[in-house]
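First up is the structure itself, then whatever we jot down about it.
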Ligand SMILES: [Zn+2]
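Residue numbers (our numbering): 144 to 251.
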């Protein structure tokens with residue numbers, strides 16, 4: 144759990160259809176916020192806030208990278224909510240695998 148406060152919301156998601164503004168993850172409604180790195184308080188490609196049910200996506204990525212990043216942050220959310228114990232390298236591999244399957248089969 145992280146005690147830091149989330150950054151101020153500068154702009155909400157939904158720039159392209161594939162990045163929704165809200166997403167239900169295990170019954171929690173997460174707000175997806177696409178913003179510049181400074182506006183999310185760090186230079187990460189994405190940030191997941193379990194406590195505040197927010198996912199930040201760095202706007203300075205191409206569309207595919209944003210979509211893949213969203214998958215990555217969803218995995219972090221599921222991992223946190225279900226206490227699975229995934230580490231960052233496992234999360235990255237799941238992101239790559241899921242993104243490939245979802246996009247190749249037009250499920251995403
Ligand atoms: Zn991560």
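Built from N, CA and C at the ideal position, the CB exists for glycine as well.
Quick caveat: nothing in here was measured; it's all calculated off a predicted structure.
For residue i, does the count of other Cβ atoms within 10 angstroms reach 16, so buried, or fall short, so exposed?
i: residue 189; result: buried
i: residue 247; result: exposed
i: residue 227; result: exposed
i: residue 216; result: buried
When the distance is taken between beta carbons, is residue j closer than 8 Å to residue i?
i: residue 173; j: residue 198; result: yes
i: residue 214; j: residue 241; result: yes
i: residue 176; j: residue 163; result: no
i: residue 204; j: residue 179; result: no
i: residue 224; j: residue 169; result: yes
Whose C-beta lies closer than 8 Å to the C-beta of residue i among residues of the same chain, with five residues either side of it excluded?
i: residue 250; result: 244
i: residue 96; result: Missing from the structure shown is residue 96; the chain here goes from 144 to 251 and no further.
i: residue 165; result: 172, 173, 174, 175
Which same chain residues, not among the five before or five after residue i, have their C-beta less than 7 Å away from its C-beta?
i: residue 187; result: 201
i: residue 219; result: 191, 234
Is residue i helix, strand or coil when you go by DSSP?
i: residue 242; result: helix
i: residue 190; result: strand
i: residue 249; result: coil
i: residue 172; result: strand
i: residue 227; result: coil
i: residue 222; result: helix
i: residue 162; result: coil
Identify, in the order they occur along the chain, each residue of the same chain with its Cβ nearer than 6 Å to the Cβ of residue i, setting aside the five sequence neighbours on each side.
i: residue 171; result: 196
The stretch 229 to 237 in contact with the stretch 197 to 211 per 3-pair CB rule at 8 Å: no
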